[in-house]
Amino acid sequence: MTTGDAIDRPAARLLVLDAQDRLLLFRFAYAEGALAGNVFWAPPGGGLEPGETYEAAACRELVEETGLRIAHPGPAVARREVSFMMPDGQRVRSREVYFLVRATGLVVSSAGWSEDERKALVHHAWWTRDALAALAEQVWPEDVAAMLAEAGIWR
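Residue numbers (full-length UniProt numbering): 1 to 155.
Given below as structure tokens:
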């Protein structure tokens, strides 16, 4: 892809919570490409395939990135629009829709990860609100704690 004008890339994101209301985040650390040197934490999710709904993309991304298969993600709990650079250097504008998913006892599986994900996803962890607030590294979205508070989870 070129690094010219930004392209539209709608995305479904998942706020996955365990039985203790801890949030699942992946730690991305890029060693090469346009994002080399960038380190951040983010929830599972990704871009919609052509013709795919946000709900269908959420289900697909969840199984690809965690191994958890669900029939429907439930209602959206947050939305945002953001611009950022993809690992290949392409600038994108993304309308992101966030879904809240309960995953008691989930053991994250990397079996469905793409080659690019295998290179950049270096760790995952379950975060409490207090632990996340104390984290020194970047978290995307920056307002994820507020999203969970507005959804009635983290007070």
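A virtual CB, placed ideally from N, CA and C, is assigned to each residue, including glycine.
This one's a predicted model, so the numbers in the text were calculated from it and none came from an experiment.
Taking the alpha carbon of residue i as the point to measure from, which residue in the options has its own alpha carbon closest?
i, options, result
"E81", "D143, L132, L24", "D143"
"T66", "A34, P43, I153, Y54", "P43"
"N38", "K119, A131, A125", "K119"
"A25", "A151, W140, V97", "The residue you asked about is not Ala; residue 25 is Leu in the sequence shown. Here the closest residue by C-alpha is W140."
"F99", "V77, S110, G112", "V77"
What's the gap between the Cα of residue i and the Cα of residue j?
i, j, result
"P50", "R13", "17 Å"
"A146", "F28", "22 Å"
"Q90", "L17", "31 Å"
"A34", "D116", "13 Å"
"H124", "W41", "8 Å"
"R102", "S114", "24 Å"
"M85", "D5", "11 Å"
For residue i, which residues of its own chain have a beta-carbon under 6 Å away from its beta-carbon, when the five flanking residues on both sides are left out?
i, result
"R9", "G47, V92, S94"
"I7", "V92"
"D21", "I153"
Report yes or no: is there a C-beta of chain D within less than 8 Å of the C-beta of residue i?
i, result
"G45", "In the displayed structure, chain D is absent; only one protein chain is listed."
Can you find the residues in the same chain that come closer than 8 Å, C-beta to C-beta, to residue i, ignoring five residues on each side of it along the sequence?
i, result
"H72", "E55, C59"
"A36", "Y30"
"R69", "C59, L62, V63"
Could you pull out every unbroken beta strand (DSSP E) segment of at least 3 residues lying fully inside the region 67-97, listed in chain order?
76-85
Count the C-beta pairs between the region 128-139 and the region 95-108 that are closer than 8 Å, then say yes if the count reaches three, no if not.
no
Could you give the uninterrupted runs of the alpha helix (DSSP H) lying entirely in the region 17-67, keeping only those of 4 residues or more?
54-66
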